[in-house]
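In what follows, a single structure is set out as structure tokens and then discussed.
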Amino acid sequence: MPQIRSRPQYPNLKHDQNPEASGKRGAKCSKHFREYGEKRLTGGIMVCWCSHSIAYGFHCIPKAEGRNDVFSAIYTRWQKAPEWIVYDFACAAAPYCMTREPEFFKDTRQGIDDCHSNGHTKCSPACFIKTYADLDPRLAKINTSAAECGNSGLGRIRKSVSYMKQDRAIIYIRTFLGVWNRHKINKIR
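Sequence positions in the sequence shown follow the working numbering and run 50 to 238.
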């Protein structure tokens, strides 16, 4: 997806441009993310997936993935924010987004899928997709693990990409996702 706007600066938000604190995401969430981000040499890539495991696009992350990556990817590339954002740490990403662009995200709900809900012991039930699905059965039919399926597919190229410079890796990932998307679209038809 092409960039349609720049990420604004928020000078009145004291820590807006500071890197994510290591150890925990958000002030209240108890789930540690060391196993996800800190043990890797680089942050890798973040891919935005639809519920059919089709990639909308990706972006390179220099360090461990954080709330700003989700915010920036959505805000700079979507004309209108999606109705739902399913993210491993939606408990921290939702308030981060609403603090910065409340008008843009006003109709967006963010939730953690069942796969990632373990360990979010201090997070409100309002952070979990399951809470909403219990009230709206249509949500139970949505594949909230589509990103996990897509990300596991990226495992096929992980080793190759790790030996490439960033410019080559981006071309390789873009090509892989293009083929991946065509394959997924053909299966839907």
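Beta carbons are placed, not taken as given, at the ideal position from N, Cα and C, and that holds for glycine.
Just measuring C-alpha positions, the residue of S194, K190 and R158 sitting nearest S166 is S194. With a 10 Å radius around the Cβ and a threshold of 16 neighbouring Cβ atoms, E132 comes out exposed. Non-local beta-carbon contacts of I237 in its own chain, meaning distances under 8 Å to residues more than five positions away in sequence, involve H101 in chain order. Here DSSP, grouped into helix, strand and coil, assigns G115 to coil. For Q128, same chain residues with a beta-carbon under 8 Å away, outside a window of 5 residues either side, are I53 in chain order. In this structure, the beta-carbon distance from I178 to V135 falls below 8 Å. Remark: three or more beta-carbon pairs, one from each stretch, lie closer than 8 Å, so the region 143–163 and the region 113–123 are flagged as touching. In the same chain as E197, and ignoring 5 residues on each side of it, the C-beta atoms closer than 7 Å to its own belong to C164, in chain order. Put simply, the backbone Cα of G204 is about 15 Å away from that of M213. G168 and I234 have their C-alpha atoms some 34 Å from each other.
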